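Read the structure below first, then the notes.
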Amino acid sequence: MPSLPPDLILKPSVNAIGITARTAEEWPPSPRPRPHAEALTHARAWTSEHGHLCPPIKTIHDGFPLGEWLNRQRELAKKRSSPSPTQQALATIDPWWNPPWPILWQRAYHHAHTHPRHPAARRWLHNQQRGWLLLHPGQQHLLTTASLVNI
């Protein structure tokens, strides 16, 4: 079947489907809460339970895919020149929710902070001491204020 040139394709107008300037203003608000508000509620709850906002990506918190949502927020933050209101709210919950270093380092830090005597955590902390000068100042700050490293 031959296709029509773009200028001949009929497109319905907004008026044709019943939307006018007056009815557009009367559109009822969505009964569903904003997804970011729900996500921030889960982020606050996770942080109060765990002390940080760095859950594994597969984390489901009370039925909400918190790990995936946070991962998406980190990806969006990389693309933006200034933080969105949601990202500002996340920084209020946990200033290190989106660190300038790899998130895997952050997860290892939280594991070491929670289980400093675990063999894997001890090895990781030893490696952090050996590469101290290569660490970001924020990483150094986290390690020293948590008393995980004595430098």
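Numbering (this note's numbering), first residue to last: 19 to 169. Ideal placement from N, C-alpha and C gives every residue a C-beta, glycine not left out. Because the structure is a prediction, the values reported are computed rather than measured.
N-terminal and C-terminal residue of the alpha helix (DSSP H) that residue i is part of
i: residue 111; result: 103–111
i: residue 66; result: 53–68
i: residue 155; result: 155–163
Closer than 8 Å to chain C by CB, residue i
i: residue 91; result: The structure shown contains no chain C; it is built from a single protein chain.
Counted within 10 angstroms of its Cβ, other Cβ atoms place residue i as buried (16 or more) or exposed
i: residue 147; result: exposed
i: residue 8; result: For the chain, the structure presents residues 19 to 169; residue 8 sits outside this window and is missing.
i: residue 53; result: exposed
i: residue 155; result: exposed
i: residue 132; result: exposed
i: residue 122; result: exposed
i: residue 164; result: exposed
i: residue 144; result: exposed
i: residue 104; result: buried
i: residue 128; result: buried
i: residue 151; result: exposed
Rounded Cβ spacing between residue i and residue j (contact assumed at less than 8 Å)
i: residue 160; j: residue 130; result: So it is not a contact: roughly 10 Å between Cβ atoms.
i: residue 84; j: residue 68; result: Rounded, the Cβ-Cβ distance is 11 Å, inconsistent with contact.
i: residue 88; j: residue 73; result: 7 Å
i: residue 111; j: residue 65; result: 5 Å
Which residue spans inside the segment 77–104 form an unbroken alpha helix (DSSP H) run of at least 4?
84–97
Unbroken stretches of the alpha helix (DSSP H), 4 residues or longer, contained in the segment 123–156
137–148
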